[in-house]
Amino acid sequence: MNQPFGELGRFAEPSLYILVSLSAGPKHGYAIMTDVEEISGAPMGPGTLYGALARLERRGLIEALEPEDRRRPYRLTGLGATTLQAQLQSLDGFVRTGLARLSEKAP
Amino acid sequence: MSRLVRLYPGAWRNRYEDEFLSLLDERPPTARDIVDIVRGAIDAHLSSLAAEEPAPWTHRIPGALALTGGAVWSAAILYIATRSEHAWEAMGLLPIALLFMFLSLPGDYMFAHGRRIAVVLALEGASVVGVNAPVWAVVLVSAAAGYLIALGGMLTLAAIRAGVGARGRWLALVAAVLVPVAISLPAAVGVMGIREGEFWYVAILLPYGLSWILVGLRMAVRGAPTIVDPPVNPIEPGVLSA
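Residue numbers (this note's numbering), protein chains in the order written: chain E, 11 to 117; chain Y, 328 to 569.
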């Protein structure tokens, strides 16, 4: 994945899912987790979720809002939205190229 | 659940513990989640280590002082307990050990917790007055209270500074101060006699020195700002970066 996702190591893919989840609006940890499971079809562990959240927050891609009871919602920042858009466009180009090549090879 | 969260570094817990526990309450972790949490904790430790800038050498001074105080105290107690002749001369080392322990406390910490320290000093002053009271029971209670406040208070303040959690601080206070005082009281009121050559009562002072050694080691590893250093927030979110 491109920068800054490349720096995130094993948290790159979970981070992308989290950003996509937050692009629909602020969510707290449990809501992100269930939403990501719905999007990706695979469960995301709590350790992975918070490892990714800490990194995204540190990089200014998401920000924490005031806690509601013990839950703390997060939302996408402007930088986060721009980064996500660039990342998705890059993936979109990658997917199109891959599909086009496959269709060229098809008998 | 909270046991799992304790695997994470202190800085991480200060920032995320509440919401993380709330998440685990809403979705109790499966075996797979537990493995994921342990992995996340290891990762949090490694990433915070990588992100932390090395502390200036002056941050090691308080820990070294606490460690020295604990070592001098323990060595003096062990010497008294194992030597029969002239052993009590080593008692002179205990005030020196206390001085080292006390000197490990100053710095930005003393300014930040000035009110708490003023209360401790006031209570200690009251106990000194009480020790000179004409009623023997007041003298005894004041002496025990003075010991608890001075030694227990110093150890607690050092433990807070070293980042020891509430449970660890209580454990140290009970093992190193409350139990020795409780054991010593019968001897002090004459229920149990102390005969020459019996050093069991000396050995009960050893946990205090050992506690200071542990607190000093932790303080030295974590680093604690001194009076010459600018104030540092120990839970700066920056330490959580990858």
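Glycine included, each C-beta is placed from N, C-alpha and C at the ideal position. Everything numeric in this text was worked out from a predicted model, so none of it was measured.
Check: ALA356 of chain Y versus chain E: which residues are under 7 Å apart at the beta carbon?
Finding: Note that residue 356 of chain Y corresponds to Pro in the displayed sequence, not to Ala. Those within 7 Å of PRO356 of chain Y in chain E are PRO56.
Check: Taking Cβ-Cβ distances below 9 Å as the criterion, which residues of the region 80 to 99 of chain E are in contact with chain Y?
Finding: Residues passing the 9 Å Cβ filter: ARG80, ARG81 and ARG82.
Next item on the list: Could you check if PHE427 of chain Y is buried or exposed, using at least 16 other CB atoms within 10 Å of its CB as the buried criterion?
Entry: By the neighbour-count rule (16 or more Cβ atoms within 10 Å), PHE427 of chain Y is buried.
Notebook entry, point to check: When the Cα of ASP345 of chain Y is compared with those of E:GLY103, E:LYS115, E:GLN99 and E:PRO83, which residue comes out closest?
Noted result: It is E:PRO83 whose Cα lies nearest to the Cα of ASP345 of chain Y.
Next item on the list: Pick out the complete alpha helix (DSSP H) segments inside the region 448 to 519 of chain Y, 4 residues or longer, and give them in chain order.
Entry: 463 to 474, 480 to 488, 493 to 500 and 506 to 515, all fully within the region 448 to 519 of chain Y.
Notebook entry, point to check: Under 7 Å Cβ-Cβ, which residues of chain Y neighbour GLY51 of chain E?
Noted result: None at all; the shortest Cβ gap to chain Y is about 16 Å.
Item checked: ARG85 of chain E - DSSP class collapsed to helix/strand/coil -> Correct three-state label for ARG85 of chain E: strand.
Notebook entry, point to check: According to DSSP, which residues form a beta bridge with GLY73 of chain E?
Noted result: In the sequence as presented, Gly is not what sits at residue 73 of chain E; that position holds Glu. As computed with DSSP, GLU73 of chain E is found in a beta bridge with E:ARG85.
Next item on the list: Kindly confirm or deny that the region 474 to 483 of chain Y and the region 493 to 505 of chain Y touch, where touching means at least three C-beta pairs closer than 8 Å.
Entry: They touch, by the three-pair rule.
Check: Can you find at least 3 beta carbon pairs, one from the region 361 to 371 of chain Y and one from the region 94 to 108 of chain E, that sit closer than 8 Å?
Finding: No: fewer than three Cβ pairs fall under 8 Å.
Notebook entry, point to check: So, using beta-carbon positions, are ASP360 of chain Y and PRO56 of chain E closer together than 8 Å?
Noted result: Using a Cβ distance threshold of 8 Å, ASP360 of chain Y and PRO56 of chain E count as a contacting pair.
Notebook entry, point to check: Leaving out the 5 sequence neighbours to the left and right, which residues in its chain are closer than 8 Å to ILE531 of chain Y when beta-carbon positions are compared?
Noted result: Non-local C-beta neighbours of ILE531 of chain Y in its own chain, meaning closer than 8 Å and more than five positions away in sequence, comprise VAL506, PRO507, ILE510 and SER511, ordered along the chain.
Notebook entry, point to check: If you check the beta carbons only, do GLY396 of chain Y and SER431 of chain Y fall under 8 Å apart?
Noted result: Yes, these two residues count as a Cβ contact at 8 Å.
Check: Apart from the five residues on each side of it in sequence, which residues of its chain come closer than 8 Å, Cβ to Cβ, to THR87 of chain E?
Finding: So the qualifying residues of the chain are GLY70, LEU71, ILE72 and GLU73.
Check: Using the beta-carbon of each residue, which ones in chain E are nearer than 8 Å to GLY367 of chain Y?
Finding: Going along chain E in sequence order, the residues near GLY367 of chain Y (Cβ under 8 Å) are GLY55, PRO56, GLY57, THR58, TYR60 and GLY61.
Note to self: Under 9 Å, CB to CB, which of the residues in the region 16 to 46 of chain E have a partner in chain Y?
What the structure shows: Along the region 16 to 46 of chain E, going in chain order, the ones with a CB nearer than 9 Å to a CB of chain Y are GLU17, LEU18, GLY19, ARG20, PHE21, HIS38, GLY39, TYR40, MET43 and THR44.
Next item on the list: Closer than 9 Å by beta-carbon distance: list the chain E residues that pair up with ARG359 of chain Y, in chain order.
Entry: Within 9 Å Cβ-Cβ: PRO53 and GLY55.
Note to self: I need the straight-line Cα distance from ALA547 of chain Y to ARG68 of chain E, nearest angstrom please.
What the structure shows: Distance from the CA atom of ALA547 of chain Y to the CA atom of ARG68 of chain E, rounded to whole angstroms, is 27 Å.
Next item on the list: Decide if GLY61 of chain E is buried, meaning its Cβ has at least 16 other Cβ atoms within 10 Å, or exposed.
Entry: Under this definition GLY61 of chain E is a buried residue.
Check: Along the chain, where does the alpha helix (DSSP H) that runs through ASP352 of chain Y open and close?
Finding: For ASP352 of chain Y, the enclosing alpha helix (DSSP H) stretches over residues 337 to 353.
Margin query: Cβ closer than 8 Å: which chain E residues qualify as neighbours of LEU309 of chain Y?
Written below: Outside the shown range of chain Y (328 to 569) lies residue 309 of chain Y, about which nothing can therefore be said.
Margin query: Given a cut-off of 8 Å on the beta-carbon distance, is the pair LEU336 of chain Y and ALA371 of chain Y in contact?
Written below: As written in the sequence, residue 336 of chain Y is Pro, which differs from the Leu given in the question. Yes.
Item checked: Span of the alpha helix (DSSP H), counted from its first residue to its last, around PHE427 of chain Y -> DSSP places PHE427 of chain Y inside the alpha helix (DSSP H), whose first and last residues are 420 to 430.
Next item on the list: Please name the residue in Y:ARG549, Y:VAL399, Y:LEU348 and Y:ALA486 whose C-alpha comes closest to that of LEU604 of chain Y.
Entry: For chain Y, the structure presents residues 328 to 569; residue 604 of chain Y sits outside this window and is missing.
Check: Does any C-beta atom of chain E lie closer than 8 Å to the C-beta of ALA371 of chain Y?
Finding: ALA371 of chain Y has a beta carbon lying within less than 8 Å of a beta carbon in chain E.
Item checked: First and last residue of the uninterrupted alpha helix (DSSP H) at THR385 of chain Y -> According to the DSSP assignment, THR385 of chain Y belongs to no alpha helix (DSSP H), since it is labelled neither H nor E.
Check: Can you tell which of Y:ALA464, Y:GLY457 and Y:GLY550 has its C-alpha closest to the C-alpha of ILE487 of chain Y?
Finding: Comparing alpha carbon positions, the residue from Y:ALA464, Y:GLY457 and Y:GLY550 closest to ILE487 of chain Y is Y:GLY550.
Checklist line | Whole-number beta carbon distance between TYR40 of chain E and ARG354 of chain Y, since they are thought to touch under 8 Å | finding: The beta-carbon separation of ARG354 of chain Y and TYR40 of chain E, rounded to 6 Å, stays under the 8 Å limit for a contact.
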